[in-house]
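Numbering (the working numbering), first residue to last: 25 to 108.
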């Protein structure tokens, strides 16, 4: 099972979300810990992955050597990809 590590930006973005959206995102990340590649899709042009949760997207980096999933960004689908 992989462990989750949150970046400072991801933690700030999670704090700004409303409670129901935050709970959905966190439960999706917990499901992703068991078999991450079954839930994510590779982003084109870099080494990151995305996890889709309704209208929100989570940008992840999966480190297989350490069994770590690094949560880089969490945000609405309309503007999450602008600064990657």
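Glycine included, each C-beta is placed from N, C-alpha and C at the ideal position.
CA-CA distance, residue 89 to residue 60, rounds to 14 Å. Following the DSSP letters along the chain, one finds residue 49 in no beta strand (DSSP E) but inside the alpha helix (DSSP H) bounded by residues 43-56.
If the five residues before and after residue 63 are omitted, its C-beta is found closer than 7 Å to the C-beta atoms of 55, 56 and 75, all from its own chain and listed in chain order. Residue 72 carries a coil assignment under DSSP once its states are collapsed to helix, strand and coil. Residue pairing for residue 87: DSSP places it in a beta bridge opposite 92. Distance from residue 34 to residue 95 at the Cβ level is roughly 5 Å; contact confirmed, criterion being Cβ atoms closer than 8 Å.
Under the 10 Å beta carbon count, residue 102 is surrounded by fewer than 16 other beta carbons and is classified as exposed.
Excluding the 5 residues flanking it on each side, residue 86 has same chain C-beta neighbours closer than 7 Å at 60, 73 and 93, in chain order.
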